Amino acid sequence: MKPIVVRGGGDIATGTICQLSRAGYPVLVLETEHPSAIRRQVAFCEAVYEGTASVEGLTAVCADSLKKAMDMVSPSRPVVFIDPEGDSIREIKPDVVVDAILAKRNLGTSRDMSGLTIGLGPGFSAGEDVDYVIETMRGHNLGRIIEEGTAMADTGVPGKIMGYGKERVIHAPAGGLLYGRTEIAAQVKKGDVIAVIKEDGGTEVPVFASLNGIVRGLIRDGYPVKKGFKIADIDPRIEERDNCFTISDKARCIAGSVLRLVCAGEKGQLRR
């Protein structure tokens, strides 16, 4: 069985990878050399740095060549391969390609890459550059399969939890190398220093918690960031610490729609 190719291995993509793997499909994950996942505990892209990454009992491994990746991949073992441009797709000739980069724009995915191409979120047009688009905006239409047109435009504001929206996401106050001063799942109070950014001149710029809660995500130590870059996520639900280590409801919803399309495609029930 040819592997399903998923472009991107962040937390939303990982929900889809897990869903497909557990449904019996081998999955090849294409990533960049330096992934920038915030929710690192639930992102298979971390295998690029660590060699392996485990999420909810499923372990992905990183391969250093396409041949090794193709030899290793199986439904029980997703494989991550560094190929940000997706050049290997032409060689693999997969039946399904899922663009889960969530870049808010299309980074090179096209309908001729496979028999079924699926784009997650804004930046794609169903029926033009991909076959189908999955809505990623929280709300009534989350996970909706779009057969024609585009997903909702990105607002830059995350969905509200306990009344908090934009406050939940923290952006870099300066450019430089980021180093955490706390851990994912740690409880923090508003104003606590959760990280520092070391500028070129050696100055350390503190990064403060924006509200009381738990650190749901924090970019890895030593990652080079630019001012305004998304670096952390705080969840005000301090009693739900385990959420930091499990796939989100949003990712599961989107994954279900991807799996539905894949299954329908196998049965010849999709328009092309």
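Residue numbers (full-length UniProt numbering): 1 to 272.
Where a beta carbon is used, it is the ideal one built from N, C-alpha and C, also for glycine.
Computed from a prediction, not measured in an experiment: that's the story for all the values here.
Pick from the options that is closest to residue i, judged by C-alpha positions
i: T136; options: D129, V130, T150; result: T150
i: N106; options: S88, V133, S114; result: V133
i: E167; options: L177, G175, G156; result: G156
i: V205; options: R39, G217, A172, M113; result: A172
i: P158; options: S21, A195, I234, E239; result: I234
i: A47; options: P224, P78, I231, G228; result: P78
i: D200; options: H34, L177, T52; result: L177
i: D154; options: L102, I161, I197; result: L102
Range of the contiguous alpha helix (DSSP H) that encloses residue i
i: S248; result: Unbroken run through S248: none, as it is neither H nor E.
i: G15; result: 11-22
i: I89; result: 88-92
i: D71; result: 66-72
Exposure of residue i, with buried meaning 16 or more beta-carbon neighbours within 10 Å
i: F208; result: exposed
i: P3; result: buried
i: G139; result: exposed
i: I170; result: buried
i: T16; result: buried
i: G163; result: exposed
i: S76; result: exposed
i: V29; result: buried
i: G9; result: buried
i: S114; result: buried
i: P224; result: exposed
i: G180; result: buried
i: I92; result: buried
The beta strand (DSSP E) enclosing residue i, as first and last residue numbers
i: S54; result: 52-55
i: I170; result: 169-171
i: K198; result: 193-198
i: A232; result: 230-235
i: Y179; result: 176-180
i: R7; result: 4-7
i: A63; result: 58-63
Supposed contact pair residue j and residue i - C-beta distance, whole angstroms, cut 8 Å
i: T32; j: P84; result: 4 Å
i: L120; j: C253; result: The Cβ separation is near 11 Å, so there is no contact.
i: residue 273; j: Y25; result: The requested residue 273 is not part of the displayed model; the chain covers only 1 to 272.
i: V5; j: P94; result: 5 Å
i: L58; j: S21; result: 6 Å
i: E148; j: G127; result: 5 Å
Neighbourhood of residue i by C-beta, 6 Å cutoff - its chain only, sequence neighbours within 5 removed
i: Q19; result: A255, L259
i: R39; result: D11, G217
i: L270; result: A264
Residues of its chain near residue i, where Cβ-Cβ distance is below 8 Å and the 5 sequence neighbours each way are ignored
i: T109; result: R7, G86, V97, D99, T117, G119, F124, D129, V130
i: V188; result: T182, I194, A209, N212, G213, I214, V215, I234
Beta-carbon contacts of residue i that lie in its chain and below 7 Å, excluding the five residues immediately before and after
i: T246; result: V42, E56
Any non-hydrogen atom of the ligand PLP closer than 8 Å to residue i Cβ
i: V96; result: The ligand content of the structure shown is nil, which means the ligand PLP is not present either.
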